Every structure is written in C-alpha cells, then in structure tokens.
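J.: As they're listed, the protein sequences go chains A and B.
Heads up: the first sequence at position 101 corresponds to 101 in the working numbering, and the numbers run straight through without jumps.
Heads up: the second sequence at position 125 corresponds to 378 in the working numbering, and the numbers run straight through without jumps.
Yeah, the Cβ is synthetic: ideal placement off N, Cα and C, and Gly gets one too.
These numbers were taken from a predicted model, which means no experiment stands behind them.
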Amino acid sequence: MTKPPILRLRGVHKTLRGQHILRGVDLDIEDGENMVIIGRSGGGKSVLLRHIMGLLKPDKGEVWFRDRNLVDMDEESITPLRREMGMLFQNGALFDSMTVGENVAFSLVEQGKMKPADIKTEVARALKIVDLPNQEQKMPAELSGGMRKRIALARAAITRPALMMYDEPTAGLDPIMADSITKLIARLGKELDMTNIVVTHDMISAYEMADRIAMLHEGKIYTIAPPAEIEHSDDPVIKRFVKGMSQASDAVF
Amino acid sequence: MLGLVRSIGGNFLGFLESAGEIVFLFTDTMRCLTRYRWRFKHIIAQIHRVGVSSIVVIVTTGSFTGAVFATQMQYQFGPLGMNSAVGPVVAVSMFRELGPVLAALMVAGRVGSSLAAELATMKITEQLDALRALAVYPTEYLIAPRVIALLISMPVLVSLTIGCGIMAGYYVAVPVLEVDGTYYWANTLKFTSLSDVLTGLIKGIIFGFIIALISCHKGLSTSAGAEGVGRATTEAVVNSSMVVLISNFFISFLLNLILPAD
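1) Would A:T15 pass as an interface residue toward chain B - the criterion being a Cβ-Cβ separation below 8 Å?
2) First and last residue of the alpha helix (DSSP H) that includes A:F106?
3) Measuring CA to CA, which of A:T182, A:A124, A:Q137 and A:P175 is closest to A:A154?
4) With 7 Å as the limit, tell me which residues of the stretch 377-392 of chain B have their beta carbon closer than that to any beta carbon of chain A; keep them in chain order.
5) Compute the Euclidean distance between the alpha carbons of A:G61 and A:L55, then round it to the nearest angstrom.
6) So, at 8 Å on beta carbons, what are the nonlocal neighbours of A:I238 in its own chain, with the 5 sequence-adjacent residues on each side left out?
7) How would you call B:I511, buried or exposed, if buried means at least 16 neighbouring beta carbons within 10 angstroms?
8) Say whether the stretch 22-31 of chain A touches the stretch 180-189 of chain A, bearing in mind that this needs 3 or more beta-carbon pairs closer than 8 Å, one atom from each stretch.
9) Determine, using beta-carbon pairs with one atom in the stretch 261-271 of chain B and one in the stretch 363-378 of chain B, whether at least three such pairs fall under 8 Å.
10) Exposed or buried, what is B:A477 when buried is set at 16 or more other beta-carbons lying within 10 Å of its beta-carbon?
11) Would you give the residue range spanned by the alpha helix (DSSP H) that B:W438 belongs to?
12) Following the continuous alpha helix (DSSP H) through A:E62, name the residue where it begins and the one where it ends.
13) For B:G304 versus B:L410, is the C-beta distance shorter than 8 Å?
14) From the beta carbon of A:F95, is the nearest beta carbon of chain B less than 8 Å away?
15) How should B:P332 be labelled, buried or exposed, when 16 other C-beta atoms within 10 angstroms of its C-beta is the threshold for buried?
16) Mind checking if A:E110 is an interface residue toward chain B, Cβ cutoff 8 Å exclusive?
17) Note down, in chain order, each residue of its chain lying with its Cβ closer than 7 Å to the Cβ of A:L48, except the 5 sequence neighbours on either side.
18) Check whether the Cβ atoms of B:N525 and B:K456 lie closer than 8 Å to each other.
19) At the 8 Å Cβ level, is A:M53 part of the contact set with chain B, yes or no?
20) Look up A:N91 in the DSSP assignment and say whether it is helix, strand or coil.
21) Can you tell me which of the three DSSP states A:M139 falls into?
22) Exposed or buried, A:K115, counting other C-beta atoms within 10 Å across all chains shown (16 or more means buried)?
23) Check each candidate in B:I261, B:L454, B:M347 and B:A298 and name the one with the smallest Cα separation from B:K319.
24) Could you compute how far the alpha carbon of B:S474 sits from the alpha carbon of B:I499?
25) Should the stretch 373-384 of chain B be regarded as contacting the stretch 428-447 of chain B, the criterion being three or more beta carbon pairs within less than 8 Å?
26) Tell me the rounded alpha-carbon separation between A:G244 and A:I52.
27) Quick one: residues in its chain with C-beta nearer than 8 Å to the C-beta of A:D59, no 5 flanking neighbours on either side, listed in chain order?
28) How would you list, in chain order, the residues of chain B whose beta-carbon sits under 7 Å from the beta-carbon of A:S41?
29) Can you tell me the Cβ-Cβ gap for A:Y166 and A:V199, rounded? I've got them flagged as a contact below 8 Å.
30) Please state whether DSSP places B:Y390 in a helix, a strand or coil.
31) Taking the DSSP output, what are the residues bridged to A:R15?
32) Is it right to say B:Q327 is buried, meaning 16 or more other beta carbons lie within 10 angstroms of its own, or is it exposed?
33) Here's a check: name, in chain order, each residue in its chain whose Cβ is nearer than 7 Å to the Cβ of A:E110, leaving out the five neighbours to either side.
34) From B:A253 to A:D235, what distance separates their C-alpha atoms?
35) What residues of chain B sit near A:R82, judged by a beta carbon separation below 8 Å?
36) Can you give me the C-alpha to C-alpha distance between A:E75 and A:L94, rounded to a whole angstrom?
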C-alpha cells in the first residue's frame, strides 16, 4: 500500500490587495520527495508556501497536512503542528536582536526538552553542517546574505521537521554560493529524511534538487513533471519560462 | 461633498476596525497570560526597557511640572494669604491628574514609539512570520511580556513623577518663594488622602494597558516598507496619547465616584 501524501492542496484560492493570486491550486506532495515549485515573479509561489505553513488562510479550498485540514484550525491550534514543519524565508528572517547561536537554538529552547549544554552541542553541530562553525556569538547584522540563509537553514532544520519549505533559497546569491546552498538543501533532505518544497526561479537549482517540478502559472498548477521532462518540454509556456524567453508584451514600463 | 462623506465614513470604519482589533488583541493577551507560563526573563528585560530607561525623562517631567505648578499657585494664592495651600494643591493635582497623565504621555512617546517600531520592523522583515513558523504564538511570546512590563512599570513611573513633582514643588515654594515649610508639609499631608494615591496608581495601570495595547497593535498591523514603520510609530504615539487624555476624563469621573476625596 502506498503512503498517503504528506500534503494535499485542493482548490486553493487567495485574493490579496484586490489581486486574485491563487485561482484553484491542486497539489499533492508525497512523503520524502523533493518538490520544486517554479513560476514567474509575483505569481503566488511564496503565497502558496505561506498557505502550506498556515501563515495565510485561503479564501476557498483545503490545505491538508497529513490528516489535518489547516483551514479549519485557528492560529493557536496550528502552532504545535508547525513543529513538524520548517521554513526558510527569502531573506532569512533571522531575529536581529539575538545572536546567531540564540537564533539557531530558538526552537530547541522553546521546546524545553533538552538541557542547555546539549542545546549548545546541537547548535554547534547544526552550524558545522551549514559550513559556518564557531559563529554562535555573531549578530545577524554582521553576516552576508549567503551566511544569513545558511544560519536560517540551520535554525529551521535543527528540530528535523518532516516537511521543509524553502522560499527562493538562492535568490540574490552569486552562482557559487547558490550552488552551495542547493547542494546543502539536497544533502539535508537526504540526511534528515525530510520532504522538501522549494520555491525558486533558479532552473539550475531546480533541476539539481527536484524529484518533481510543479509550475505555477496564472494562479494554478500548470504542470507537474520530473526535471528532465520540464527541461525538454515543447509546451510554449514551460519552454518560455525555463529558457528565460521574454515577449514584447512582458516588458512593463 | 460626496468625497468628504466617503472620507469621513472610511475613517470611521477604519476606527471601528482598529478598535475591534485592539479588543481582540486584549482578549488574546489575557488568554495567553492565563494559559501559558509567564516568560519572566522577557518581562524583566521589558521592564528594564520600559521602566529603567524612562527614569530620566520621568524625573525631569515630574520635577519641572511640580516646580512650575508650585510657582503658579504661589502667585495666585500668595496675594490671598493662602501660601500654605500651595503644598496640598500641588500634591493633590500631582496624585490625581498630572502625575499619571504626564507619565503616560512621556511613556507613550518614549516606549510606545519604540514598541511599535520594533514590532513593525519585525513584521516587515518577516521575523513575525518566522516566529510563527517556529511554532511560537506571537501574542504569547511578544505581546504578553510587553503588556505585563508596562502594567508593572507604569504605577512605579507614576509614583516617581508624583514624588518628583511634590519634592520640586516644595523646593521651589519653600526656599525660593518663601512659603512656610512646616505648614507646607502639614497641609500637604492633611489634605492628601489615600483615595488620591489610589487614583494616581489605578490610572497609571490603566494607561499602561492603553499604551501597550495600542502601540503593539500599531506595530503588528503595519503595512509593508519603511514608510509603514514610520507611520505605525507616529500613530502609536498620537493614538496612545489621545486615548490616554480622553479616557482620563472618564476614568477621573468614575474614580471620583468610587474613591471620593475625603
């Protein structure tokens, strides 16, 4: 018997500031898979991630995490469920009043199950995994963009959530740093046995990380396919996106 | 004309919406205070931020208000041969009105703005969402300790304002304006009652609540961008100050009924 999907979205609609951004998204994500969601800027990819995390509620539709529909739950009931999820925000969203060590330790301290000495060891281990050892005492303001993302990744993954979400993990990074983050995400997914959902327009990263790629187009999932199929697709919408071909009508002045 | 009506209607609806959100924030905070363990470390840190760092502003405000009030009273009462009334008038005014209101206005300016700016910045940099994503309920983690800190700090700051005002009034009235010191103290103690003291402290607590809730609400409900943070900060100070001044009238009315002057 096949395992049920870890995540099911059914007919998700969302209008924000008068714009109908999600227009009926249906998506199943299998346990343990690496799903990459691609789509144009402003197309609702980050909004979709926020619905999965329960940070936003859809106007219509269902968001099932395992056997719970997040839409029927209030903020306080979703909070404990989020311990099984992790999210890397686009700019890291590190707590700027805390040191790197405090940021990474945050979830462990909040859970209150570990002794301070064990938390310290776990934080050092997490920082080593993201290739930033001995940075515990630094403040987020002292870090570069790539370092912030790595620290944020260590913070989100330290509790080994079942479902990890990445919002544009390589945006704003140089190609070498982007590749290193991509490899790190893939490695963490394997080592910690996590289901990954990655939102990106970086196709090099997408091909490297994905088991399946879903394309969000005009508020709906346009297609879901393995990376090779997407890469060689003749569909004009997919082809234009993955090859980065603009049309005259795309130029907005 | 239609535009004016629309604008007034829009502002009124906005006011009702904000009022509703503040009531919701209030009930949510109260629920968090009863349901979750209190974060004493955070509360102490916030008390330091709210209370300790406001001391200089509060001492200056209280002292100079007491001093100028004593001066004005002496000018009015002196020709009538009522110099000894300066002490009790200063004391009762400081206890009942000037102490709590001035402390609240200073705290609204100093602390309310900083609370709103901090929360608004956290919101626009996604730190609030990160907190939620890390399975922490923001009202419990951020708002409850700040509300408690203001509830504890405000009566202390009000007491300090009152104390400084009365002392400064004394040191201006007695050595400078040559009011009799013995009568000054005797009359101050004679005409200041427990109800005056309680009025000041109760007002302090209520104003603390008002400033904390309005400032936190403004911070949490900010729109995106630096402009949003600026607007949230300004509105936190202006709205807190206005609500303090308006509610002061009604609270005074109510407290005068409950705690009449002896």
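T.: So, from the data block:
1) Along the first sequence, one-based indexing puts residue 15 of chain A at 15. Among the residues facing chain B, A:T15 is not included, as its CB has no counterpart in that chain under 8 Å away.
2) Looking up residue 106 of chain A in the first sequence gives position 106. Per DSSP, A:F106 belongs to the alpha helix (DSSP H) from V100 to Q111.
3) As a first step, residue 154 of chain A must be located in the first sequence, where it is residue number 154. Checked all of A:T182, A:A124, A:Q137 and A:P175; the closest Cα to A:A154 is A:A124.
4) Identification of residues in the stretch 377-392 of chain B having a C-beta nearer than 7 Å to some C-beta of chain A yields T378, E379, Q380, D382, A383, R385, A386, L387, A388, V389 and Y390, given in sequence order.
5) Taking the first sequence and counting its residues from 1, one reaches residue 61 of chain A at position 61. Taking the first sequence and counting its residues from 1, one reaches residue 55 of chain A at position 55. Approximately 15 Å, taken between the alpha carbons.
6) Position 238 of the first sequence, counted from the start, is the residue given in the question as residue 238 of chain A. Counting only Cβ-Cβ distances below 8 Å, and skipping sequence neighbours, we find M215, Y222, T223 and I230.
7) Numbered from 1 along the second sequence, position 258 holds the residue referred to as residue 511 of chain B. By the 10 Å Cβ count, B:I511 comes out exposed.
8) Segments in contact, no.
9) Taking a cut-off of 8 Å on C-beta distances, the stretch 261-271 of chain B does not touch the stretch 363-378 of chain B, as fewer than three cross pairs fall below it.
10) Taking the second sequence and counting its residues from 1, the one referred to as residue 477 of chain B is at position 224. Classification of B:A477: exposed, given that the 10 Å Cβ count is below 16.
11) Mapped onto the second sequence, residue 438 of chain B falls at position 185. Per DSSP, the unbroken alpha helix (DSSP H) holding B:W438 starts and ends at G434 to F444.
12) The count along the first sequence starts at 1 and reaches residue 62 of chain A at position 62. It is not in any alpha helix (DSSP H) - A:E62 instead sits in the beta strand (DSSP E) that spans K60 to F65.
13) For the purposes of this step, residue 304 of chain B is taken as the residue at position 51 of the second sequence. For the purposes of this step, residue 410 of chain B is taken as the residue at position 157 of the second sequence. Yes; because the gap between Cβ atoms is below 8 Å, this pair is in contact.
14) As a working note, residue 95 of chain A is residue 95 in the first sequence. Output row for A:F95: interface = yes.
15) Mapped onto the second sequence, residue 332 of chain B falls at position 79. Under the 10 Å beta carbon count, B:P332 is surrounded by fewer than 16 other beta carbons and is classified as exposed.
16) Residue numbering aside, residue 110 of chain A sits at position 110 when the first sequence is read from its first letter. With 8 Å as the cut-off, A:E110 counts as an interface residue toward chain B.
17) For the purposes of this step, residue 48 of chain A is taken as the residue at position 48 of the first sequence. Correct list, in chain order: L22, V25, I37 and L216.
18) Outside the displayed range of chain B (254 to 515) lies residue 525 of chain B, so it cannot be described from this structure.
19) On the first sequence, position 53 is the one that residue 53 of chain A refers to. Closer than 8 Å: yes.
20) Here residue 91 of chain A is taken as the residue at index 91 of the first sequence, counted from 1. Residue state, collapsed to three classes: coil.
21) Residue numbering aside, residue 139 of chain A sits at position 139 when the first sequence is read from its first letter. Coil at A:M139, not helix or strand.
22) Translated into the one-based positions of the first sequence, residue 115 of chain A becomes position 115. So A:K115 ends up on the exposed side.
23) The sequence position of residue 319 of chain B within the second sequence is 66, counting from 1. In the sequence on display, residue 319 of chain B carries Gly and not Lys. The candidate whose alpha carbon is nearest that of B:G319 is B:M347.
24) Reading the second sequence from its first residue, position 221 is the one you call residue 474 of chain B. Reading the second sequence from its first residue, position 246 is the one you call residue 499 of chain B. The straight-line gap from Cα to Cα measures roughly 23 Å.
25) Verdict: no, contact absent.
26) Locating residue 244 of chain A in the first sequence gives position 244, counting from the first residue. Locating residue 52 of chain A in the first sequence gives position 52, counting from the first residue. So the two alpha carbons sit approximately 28 Å from each other.
27) Taking the first sequence and counting its residues from 1, one reaches residue 59 of chain A at position 59. Annotation for A:D59: H13, K14 and T15 place their beta carbon closer than 8 Å to its own, counting only its chain and skipping 5 residues before and after.
28) Taking the first residue of the first sequence as position 1, residue 41 of chain A is located at position 41. Those do not exist, as A:S41 stays about 16 Å from chain B at its closest Cβ, beyond 7 Å.
29) Residue 166 of chain A sits at position 166 when you count from the first residue of the first sequence. Residue 199 of chain A sits at position 199 when you count from the first residue of the first sequence. Confirmed, about 7 Å.
30) As a working note, residue 390 of chain B is residue 137 in the second sequence. Note: B:Y390 maps to coil in three-state DSSP.
31) As a working mapping, residue 15 of chain A is identified with position 15 in the first sequence. Sequence check: residue 15 of chain A is Thr here, not Arg. A:H20.
32) Looking up residue 327 of chain B in the second sequence gives position 74. By the Cβ-count criterion, B:Q327 is buried, with 16 or more other Cβ atoms from all chains shown falling within 10 Å of its own Cβ.
33) Counting from 1 along the first sequence, the entry for residue 110 of chain A is found at position 110. Spatial neighbours of A:E110 in its own chain (CB-CB distance under 7 Å, excluding positions within 5 residues in sequence) are not present.
34) Only positions 254 to 515 of chain B appear in the structure, and residue 253 of chain B is not among them; the question remains open.
35) Residue 82 of chain A sits at position 82 when you count from the first residue of the first sequence. R385, A386, L387 and A388, listed in chain order.
36) Against the first sequence, residue 75 of chain A aligns to sequence position 75. Against the first sequence, residue 94 of chain A aligns to sequence position 94. Straight-line Cα distance between these residues: approximately 21 Å.
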